[in-house]
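Right, one structure below, let's go through it.
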Amino acid sequence: MSDKTTNISELGEFGLIDHLTKNFELKNATSLVGVGDDAAVISISEEDALLISTDMLIEGIHFNLMYMPLKHLGYKAVATNVSDICAMNGVAEQITVSLAVSSRFPLEALEELYEGIHIACEKFNVDLVGGDTTSSVSGLTINISVVGRAKKKDIAYRNGAKEFDLLVVTGDLGAAYIGLQVLEREKNVFNANPNIQPDLDGHDYIIERQLKPEARVDIIGYLKELDVVPTSMIDISDGLASEILHLCKASKVGCHIYDEKIPIDSKTSLTAIEFNLDPSTCALNGGEDYELLFTIAQADFDKVKGNPHMTFIGHMTNEKDGTYFIDKNGSAIGLKAQGWNHFQG
Ligand code: ADP
Ligand code: MG
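The letter at position 230 of the sequence shown is residue 232 when you use the numbering used here, and the numbering goes up by one with no holes.
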């Protein structure tokens, strides 16, 4: 280490990852893809590959136990990992779970966490095959790694999108972020006066989207049935804008996405407006929806058209043409990633 110190917030999360990993070259022929996609790709036979991904959740950064029940946390930790395997068009098969836990947590709390992990393992058909357990000076950290499998020919990378490909998003967006706003508001009300009961009525959908996100394993099944292999794919953990920019950067293309086409649930919109937030901004920058964003070749348009789980939101353009969000007045605004940045603040 030299005398000069650089604040890591200057690099941002992705700049930091690039900086730290840029000197590593893949030495083994089996390491097909390393850093930079939703999962690493390891060749296991001529036709098949393993997919490996890992995610860490830290108390106070990624979750607040005041409103996140441990059972939900366990479920969410598995779902977000399985989501990264879905983002490669693969099927998750195994997970490992590592915990760092302070003495503040009684056995019953960890049993609750594992109940959520168990429910998720049943739901997503994955096996818990190991992990690690250690103490922590404060709080709870949970790290899950996941192993999945795919036929090499079916794997959807971030870098395969081509000019004129169509951009598709699954489900609806922005709800998880708005759910978080409701939970934060009720937490503040409770902190100010613990006698006031939380008012979560009518917000079930958006709160569930925050506390219990689902990995879209169903979409991987639908794509197979439709006989469509996305030309590129990513899961939406950080917000639509950030993820689209990842696809564009990796694929060296530009894009046009259309505000009016972004799927937003009506309850999400109404609650966003209650909070004086623009629903589209919540979808673009909110994050944690764990929907899938992918591109398909125009030739596959008819196969996807009309599918109730998939919405066309735009198309890819030439890299030179830039990355744009077309608002409801038809004005083109440069896309910016304003998703979570853990190193700021
Ligand atoms: P995702 O949001 O899909 O989980 P991330 O944004 O966390 O992906 O990570 C982007 C890529 O960088 C992934 O390929 C991941 O494996 C890799 N990565 C993240 N952190 C590190 C690290 N500290 N060292 C090496 N690779 C990393
Ligand atoms: Mg991902």
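We put the beta carbon where it would ideally sit given N, CA and C, even for glycine.
| query | result |
| --- | --- |
| Could you tell me the alpha carbon to alpha carbon distance between Val191 and Thr319, rounded to whole angstroms? | 47 Å |
| Short check: CB of Phe126 to CB of Val84, under 7 Å? | yes |
| Using 10 angstroms around the beta-carbon of Gly347, count the other beta-carbons present and answer buried if the total reaches 16, otherwise exposed. | Model confidence at Gly347 stands at a pLDDT of 38, short of 50, so the residue's coordinates are unreliable; what they give is reported in the following sentence. Looking at its Cβ environment, which holds fewer than 16 other Cβ atoms inside 10 Å, Gly347 is exposed. |
| With H, G and I counted as helix, E and B as strand and the rest as coil, what does DSSP make of Arg106? | coil |
| Taking the alpha carbon of Ile222 as the reference point, which residue from Phe303, Lys189, Met90 has its own alpha carbon closest? | Met90 |
| With a threshold of 16 other CB atoms inside 10 Å of the CB of Gly336, please say whether the residue is buried or exposed. | exposed |
| Is the Cβ-Cβ distance between Gly76 and Ser100 less than 7 Å? | no |
| Quick one: grab the DSSP three-state call for His64. | coil |
| Taking the Cβ atom as the reference point for each residue, do Ser234 and Gly150 lie within a distance shorter than 7 Å? | no |
| Can you give me the Cβ contacts of Asp220 inside the same chain, cut-off strictly under 8 Å, excluding the 5 residues immediately before and after it? | His311 |
| Rounded to whole angstroms, what's the CA-CA distance from Met58 to Asn145? Just pull it up for me. | 4 Å |
| Can you determine whether any heavy atom of the ligand ADP sits closer than 6 Å to the C-beta of Thr313, and answer yes or no? | no |
| Is Gly241 close to the ligand ADP? I mean its beta-carbon at under 6 Å from any heavy atom of the ligand. | no |
| Cα separation between Thr7 and Val306? | 51 Å |
| Look at Asn287 and Gln212 and say whether their C-beta atoms are less than 7 Å apart. | no |
| Under DSSP, the alpha helix (DSSP H) around Phe26 begins and ends at which residues? | Phe26 -> no alpha helix (DSSP H), and no H or E assigned at all. |
| Less than 6 Å between the CB of Ala89 and some heavy atom of the ligand NAD, yes or no? | The ligand NAD is not part of the structure shown, which contains the ligand ADP and the ligand MG as its ligands. |
| Within the continuous beta strand (DSSP E) that includes Phe314, where are the two ends? | 312 to 320 |
| Is any heavy atom in the ligand ADP found nearer than 6 Å to the beta carbon of Thr283? | no |
| Can you name, in chain order, every residue of its own chain whose Cβ lies under 6 Å from the Cβ of Leu295, other than the five neighbours on each side? | Val171, Ile236, Ile238, Glu245 |
| Exposed or buried, what is Leu109 when buried is set at 16 or more other beta-carbons lying within 10 Å of its beta-carbon? | exposed |
| Report the residue from Asn197, Leu142, Tyr179, Thr313 whose alpha carbon sits nearest the alpha carbon of Thr270. | Tyr179 |
| If you draw a straight line from the alpha carbon of Pro232 to that of Asp167, how long is it in whole angstroms? | 10 Å |
| Under the rule that 16 or more other beta-carbon atoms within 10 Å means buried, what is Leu72, buried or exposed? | buried |
| Can the beta-carbon of Ala285 be found less than 7 Å from the beta-carbon of Ala81? | no |
| Would you identify the three-state DSSP class for Asn331, choosing helix, strand or coil? | coil |
| Which same chain residues end up closer than 6 Å to Leu28 when comparing Cβ atoms and leaving out the 5 residues on each side of it in sequence? | Gly36 |
| Quick check: what's the CA-CA separation for Asp50 versus Pro281? | 41 Å |
| Hey, how far is the Cα of Phe314 from the Cα of Asp329? | 15 Å |
| Taking 7 Å as the cut-off, decide whether the C-beta atoms of Asp267 and Asp174 are in contact. | yes |
| Would you call Val131 buried or exposed, if buried means 16 or more other Cβ atoms sit within 10 Å of its Cβ? | exposed |
| Can you tell me whether Val80 is helix, strand or coil according to DSSP? | helix |
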